[in-house]
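Residue numbers (this note's numbering), protein chains in the order written: chain P, 436 to 561; chain H, 47 to 545; chain W, 401 to 876.
Please read the structure below before turning to the comments.
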Amino acid sequence: MVPTDLRYTKDHEWIRLDGDEATVGITEYAAGQLGDIVFVELPDAGRKLGQHATFGVVESVKAVSDLFAPVSGEVLATNDALTGSPELVNGEPYGGGWMIRIRLEDPGQTDDLLDAAAYDALIAEG
Amino acid sequence: MSVVGERLQPTLFERSRPGRGGDKIPHPPKDALDRLPAAARRKTAPALPEINEPEVVRHYVNLSQLNYAIDTGFYPLGSCTMKFNPKLNEWAARLPGFASLHPLAPDEVAQGTLQLLWELEGILAEISGMKAVTLQPAAGAQGELCGILMIRAYHRSRGDTERDEVLVPDSSHGTNPATATMAGFRTITIPSAADGGVDVDAFRAALGPRTAAVMITNPSTLGLFERRIGDLLDAVHEAGALAYMDGANLNAILGRFKPGEAGFDVMHFNVHKTFSTPHGGGGPGAGPVGVGDKLLPFLPSPRVLKAADGSFRLERPHERPSSIGRLRSFVGNTGVLVRAYAYLRAHGGSGLRQVSDDAVLAANYLKHRVGTAYEIPYDRPCKHEFVASAAAIKRKTGVRTLDIAKRLIDHGFHPPTIYFPLIVEEGMLIEPTETESVETLDAFADALIAIAAEAETDPDTIRSAPHTSPVRRLDEALAARHPNLRWRGMVGVETPCPD
Amino acid sequence: MPYGPHAAGDRERMLEVLGIPDVEALFDDIPEALRASRLDLPEPQPELELAARLQALAARNRTDLASFLGAGVYRHWTPPAVDQLLLRGEWYTAYTPYQPEISQGTLQSIYEYESLIGELMDLDVVSASHYDGAAATAEAALMTCRATRRERVLVSRAVHPHYRQTVAAYFGGGLEVEEIPLVSDGESAGTTDLAALERLLADSERPVAGVLAGQPNFFGLLEPMAEIGRLAHAAGALFVAVVEPVSLAVLAPPGSYGADIAAGEGQPLGIAPQYGGPYLGLLASTDALVRQIPGRLVGMTTDVDGRRAFVMTLRAREQDIRRDKAASNICTNQALLALAASIYVATLGPHGLRDVAALGAVRAAELEHALAAVGAPRLHPGPYLNEFAVRVPGARQVHRRLLDRGVLAGLALADIEPDDETLADALLVCATEVTTSDEIAAFAAALDDILAGRPPVGVEAGAGAERPTAGAVSGR
Numbered sequence: 436m437v438p439t440d441l442r443y444t445k446d447h448e449w450i451r452l453d454g455d456e457a458t459v460g461i462t463e464y465a466a467g468q469l470g471d472i473v474f475v476e477l478p479d480a481g482r483k484l485g486q487h488a489t490f491g492v493v494e495s496v497k498a499v500s501d502l503f504a505p506v507s508g509e510v511l512a513t514n515d516a517l518t519g520s521p522e523l524v525n526g527e528p529y530g531g532g533w534m535i536r537i538r539l540e541d542p543g544q545t546d547d548l549l550d551a552a553a554y555d556a557l558i559a560e561g
Numbered sequence: 047m048s049v050v051g052e053r054l055q056p057t058l059f060e061r062s063r064p065g066r067g068g069d070k071i072p073h074p075p076k077d078a079l080d081r082l083p084a085a086a087r088r089k090t091a092p093a094l095p096e097i098n099e100p101e102v103v104r105h106y107v108n109l110s111q112l113n114y115a116i117d118t119g120f121y122p123l124g125s126c127t128m129k130f131n132p133k134l135n136e137w138a139a140r141l142p143g144f145a146s147l148h149p150l151a152p153d154e155v156a157q158g159t160l161q162l163l164w165e166l167e168g169i170l171a172e173i174s175g176m177k178a179v180t181l182q183p184a185a186g187a188q189g190e191l192c193g194i195l196m197i198r199a200y201h202r203s204r205g206d207t208e209r210d211e212v213l214v215p216d217s218s219h220g221t222n223p224a225t226a227t228m229a230g231f232r233t234i235t236i237p238s239a240a241d242g243g244v245d246v247d248a249f250r251a252a253l254g255p256r257t258a259a260v261m262i263t264n265p266s267t268l269g270l271f272e273r274r275i276g277d278l279l280d281a282v283h284e285a286g287a288l289a290y291m292d293g294a295n296l297n298a299i300l301g302r303f304k305p306g307e308a309g310f311d312v313m314h315f316n317v318h319k320t321f322s323t324p325h326g327g328g329g330p331g332a333g334p335v336g337v338g339d340k341l342l343p344f345l346p347s348p349r350v351l352k353a354a355d356g357s358f359r360l361e362r363p364h365e366r367p368s369s370i371g372r373l374r375s376f377v378g379n380t381g382v383l384v385r386a387y388a389y390l391r392a393h394g395g396s397g398l399r400q401v402s403d404d405a406v407l408a409a410n411y412l413k414h415r416v417g418t419a420y421e422i423p424y425d426r427p428c429k430h431e432f433v434a435s436a437a438a439i440k441r442k443t444g445v446r447t448l449d450i451a452k453r454l455i456d457h458g459f460h461p462p463t464i465y466f467p468l469i470v471e472e473g474m475l476i477e478p479t480e481t482e483s484v485e486t487l488d489a490f491a492d493a494l495i496a497i498a499a500e501a502e503t504d505p506d507t508i509r510s511a512p513h514t515s516p517v518r519r520l521d522e523a524l525a526a527r528h529p530n531l532r533w534r535g536m537v538g539v540e541t542p543c544p545d
Numbered sequence: 401m402p403y404g405p406h407a408a409g410d411r412e413r414m415l416e417v418l419g420i421p422d423v424e425a426l427f428d429d430i431p432e433a434l435r436a437s438r439l440d441l442p443e444p445q446p447e448l449e450l451a452a453r454l455q456a457l458a459a460r461n462r463t464d465l466a467s468f469l470g471a472g473v474y475r476h477w478t479p480p481a482v483d484q485l486l487l488r489g490e491w492y493t494a495y496t497p498y499q500p501e502i503s504q505g506t507l508q509s510i511y512e513y514e515s516l517i518g519e520l521m522d523l524d525v526v527s528a529s530h531y532d533g534a535a536a537t538a539e540a541a542l543m544t545c546r547a548t549r550r551e552r553v554l555v556s557r558a559v560h561p562h563y564r565q566t567v568a569a570y571f572g573g574g575l576e577v578e579e580i581p582l583v584s585d586g587e588s589a590g591t592t593d594l595a596a597l598e599r600l601l602a603d604s605e606r607p608v609a610g611v612l613a614g615q616p617n618f619f620g621l622l623e624p625m626a627e628i629g630r631l632a633h634a635a636g637a638l639f640v641a642v643v644e645p646v647s648l649a650v651l652a653p654p655g656s657y658g659a660d661i662a663a664g665e666g667q668p669l670g671i672a673p674q675y676g677g678p679y680l681g682l683l684a685s686t687d688a689l690v691r692q693i694p695g696r697l698v699g700m701t702t703d704v705d706g707r708r709a710f711v712m713t714l715r716a717r718e719q720d721i722r723r724d725k726a727a728s729n730i731c732t733n734q735a736l737l738a739l740a741a742s743i744y745v746a747t748l749g750p751h752g753l754r755d756v757a758a759l760g761a762v763r764a765a766e767l768e769h770a771l772a773a774v775g776a777p778r779l780h781p782g783p784y785l786n787e788f789a790v791r792v793p794g795a796r797q798v799h800r801r802l803l804d805r806g807v808l809a810g811l812a813l814a815d816i817e818p819d820d821e822t823l824a825d826a827l828l829v830c831a832t833e834v835t836t837s838d839e840i841a842a843f844a845a846a847l848d849d850i851l852a853g854r855p856p857v858g859v860e861a862g863a864g865a866e867r868p869t870a871g872a873v874s875g876r
């Protein structure tokens, strides 16, 4: 079961909402599908993202995947630790493997997100 | 760093000692470079290894022993066509008349090579049913780029500037969409039909005034002939687009299907697949491109021409303004093309048809034998290669295709292509080629069947394979997370040599 | 079939297992309307006859000329050890090292190649090679656009014409490439015009992604690379150096003068001319650009038992994974040629390579003086290493007549740059360590005869004087 205090997208990102800010990363399932993560490309702080826009790329030994913004917003910070230790995404996907912190542009967009039960159902389908 | 294994070799840098080697070139006078401005000169000599010839030879002979090769054994790599590399071809390419010829030498001193290239173009045109051939592209991928750039030039020449899309099936080789992107197009991927072939209706729905081209591999990357190719080509041309054929799988259809006759506008050849030129550990190859009338004006320049008096020459600059220009220096990978020419002359028309007959027979025989232990997702006659799946084995035992591939190494075989095409789960693409004996095919099938059985009784041995190779499974995550791409031991200090 | 494996009965055995009478059933799925007409090709030739045919073709090429032709492909002495090692089947019949456990030979040799070239270039990252110098240069130009997210590239007019044309072909998809003009007279004639470059860089509406210049340039001249690099960086552009590897034994390497990327042709490192290829595209960059560099990379790692080993890495950049988002569509590298270059460099060593470059410089100086003495002075005054252009009126015709006398007098520049009036009467000539003083003397003597209207030995006089009228050429 995925953490119940987070919300999810069908592209396997998670988002931790915190007032008008949020933290975003990828789920354990996604990290598992990719395999050992070797590199994460993240946007610069200040960049404005539209909902579902590509905000970066996550690379494993044998695969690569775009990262999609769950909601629109402005990038406030990115996780510098991932530069030297991309394996944090595998080891601590919901904690130390966080990717970006954003300020939400439109709090209403959170209605589109999946809750933990809905995301669990999604990955159970395979 | 870690311990060097018993058959592994130190690097050149670890073999180096100051003062070793030399005496190949006479020494120039000390003031040889005095006329060059100091600012342009190197301040310190490059820290290249100093090794004597006997040690260099041992280094490369011993390293070579760590390689598997066609000359070692069976290489059932689907989509690579690992057939025997004829030794005559190595001899031919090294004839001084061919090898020492400078590419800018005047036409009159290059008549032998120009004649060979001209004849080769004709042979490839006949095989493909195309009107003309360029030998310029240095590889299949460059051939693809050539073809797509010509298609772009064609549409532009007709004032048709809205066409910015290229359609490919989801089974396509990765070079196809990558090529489209390089040429400035967007790729639209069309899911395949249930029988593994192109879904013509889905293509029809996507074809339109924005389509520049479709890129099709035939036989497909699943080793299946595209039965609906006629309908697809009609639909493509009705939409005003052009059809590109990726010729990687030509080994299946020599003398049986000519893409140009069937309606393809352009195709590339992989001479290092179909026509036996050696892979060399990753290259070189060559990717000649054949075209029909529509694209002929746009061929890269220079073309090889035959004059009325029977002599041969290269096209001059500006002789054909509609050309897309050049994608590389000089005329082409001539050394590779000499080998392909020798192969084609050795076989002739009847020999090439026999090549495809035997390649297809071998693949079907192997599919039949392998099918007793693995799923065959598309169970109809294949062409020169087929896909098998280990999905059921994975569900039952946890052993994946990757593990099976590694275990094949312990049986003395190079693994087949794995996880390509992407549309087959736990897939293996197996292509025996026509130069393998029945005994070899049976031995390979026996090995695969034995591994399938072993998966039930001893999956751990398979998951930790290979056990008998010079090195075992590698830490690829480490290599990518902390890349060490260059030796940095040499800063004027000796590095201790492990041996 | 020449290499077919089947003994009598083998095919029948397989057909029987499949339950079919012949292979026709296996080709049933080709629609009748699309089945091929016959394959109209010459009959197969047994090896003996084919060998004779190949020899006859090779013999139609002339290999007896004293050659002074360079222009991007150079004759050097290659120790026979190179080719004899290359002929080992484990090297040339091996596939791409996708299964690293059984490809450590190829993988280690590529790692060593990356290291050797990295040392010569003084740059951190070297790709496992591209098709040739032209393709590598085009890929370098594309890299600058990706890395800076700009769309315009400036290429010096003194970069090899084939390379410039290749960049133009690769850039047809919406990116812009523009030529930097050359200085037309004075001490720096024939080199990149720095003032013009500065003006081109100043257009803020069209920022420049990369600036490309050659060292030595196509005319053999040494360029002010550090200054070009400074101008590029000041405008936020990357600097690409197009270089020749043997010269790097004695000339300042790209890393030392601020190049972000270096491209070039590796053919001079032990690879035969072969009328155009296969050659060896060199591509190197600083560490900052490692994720932008196209093509294969081999790195060091360990296996599960702790052994040192080599593996293709950073593969997620490549076409089979990235597909339409890949940096390049490149699939092959020139592995066998990279191996040849490595064996060449290993066999010669740093002193040997330096001697090759320095001896070439000595012979070139000899050539310069010999040609000037018979009325063919240099076209440009600036310093050169081993290649330069000389002024010869009616260069094309003179080139032909020299050919008749057994001399391949370099390249008539009008043949490769027909639109450039200033090059109409020029030959581009070079010398290397294999050029002999006798060959130089023969070239000069033949040229002297031609310019004086003297026919070759054994031919009637009155063939017509090519010597220009008084005033056009000095020093005769």
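A virtual CB, placed ideally from N, CA and C, is assigned to each residue, including glycine.
Because the structure is a prediction, the values reported are computed rather than measured.
query: First and last residue of the uninterrupted beta strand (DSSP E) at H:H314; result: 312-314
query: Minimum C-alpha distance to H:H393 - residue among H:S125, H:P122, H:P132; result: H:P132
query: Residue-chain proximity (H:E522, chain P), Cβ-Cβ < 8 Å; result: yes
query: Contact set for W:A481: own chain, Cβ-Cβ below 8 Å, skip 5 residues either direction; result: I743, T747
query: In chain order, each alpha helix (DSSP H) run of at least 4 residues that lies wholly inside the segment 122-172 of chain H; result: 133-140, 142-145
query: 7 Å CB neighbourhood of W:L516 in its chain, flanking five on each side removed; result: S742, V745
query: CB contact flag (W:A770, W:A844, <8 Å); result: yes
query: Continuous alpha helix (DSSP H) stretch holding H:F459: start and end; result: Careful: H:F459 lies outside any alpha helix (DSSP H) and carries neither H nor E.
query: Best match in H:S483, H:R349, H:Q161 for proximity to H:P183 [C-alpha to C-alpha]; result: H:R349
query: Completely contained alpha helix (DSSP H) runs for the segment 764-825 of chain W, where each covers 4 or more residues; result: 795-804, 813-816
query: Extent of the continuous alpha helix (DSSP H) run through H:K352; result: No alpha helix (DSSP H) holds H:K352; the beta strand (DSSP E) holding it covers 350-352.
query: Beta-bridge pairing of P:E494 - partner residues as DSSP gives them; result: P:F474, P:V499
query: Near-chain H residues of the segment 747-759 of chain W (beta-carbon distance less than 9 Å), N- to C-terminal order; result: T747, L748, G749, P750, H751, G752, L753, R754, D755, V756, A757, A758, L759
query: CB contact flag (H:K452, H:F432, <8 Å); result: no
query: Per-residue burial, H:P92 [other beta carbons within 10 Å of its own, 16 or more giving buried]; result: buried
query: N-terminal and C-terminal residue of the beta strand (DSSP E) that W:F639 is part of; result: 638-643
query: Paired residues, beta bridge with W:D522 - DSSP; result: None; W:D522 has no bridge partner.
query: Boundaries (first-last residue) of the beta strand (DSSP E) holding W:L612; result: 608-615
query: Residues bridged to H:T320 [DSSP beta-bridge criterion]; result: None; H:T320 has no bridge partner.
query: Sub-8 Å separation of H:P122 and H:L268 beta-carbons; result: no
query: The beta strand (DSSP E) enclosing H:F432, as first and last residue numbers; result: 432-435
query: Assigned exposure category for W:G586 - 16 Cβ within 10 Å defines buried; result: exposed
query: Enclosing beta strand (DSSP E) for H:D292 [first to last residue]; result: 288-292
query: H:R527 at chain P interface by Cβ criterion, 8 Å; result: yes
query: For H:P505, the first and last residue of its enclosing alpha helix (DSSP H); result: 505-509
query: Backbone CA spacing between W:V798 and W:I816 [nearest angstrom]; result: 16 Å
query: CA-to-CA distance, H:V214 to H:I610, given in whole angstroms; result: In the structure displayed, chain H extends from 47 to 545; residue 610 of chain H sits before or after that span and is not available.
query: Residue nearest to H:G301 in terms of C-alpha spacing, selected from H:A405, H:T514, H:L195; result: H:A405
query: Option in H:L531, H:V401, H:D277 with minimal Cα separation from H:A30; result: This structure cannot settle anything about residue 30 of chain H, because the visible part of chain H is limited to 47 through 545.
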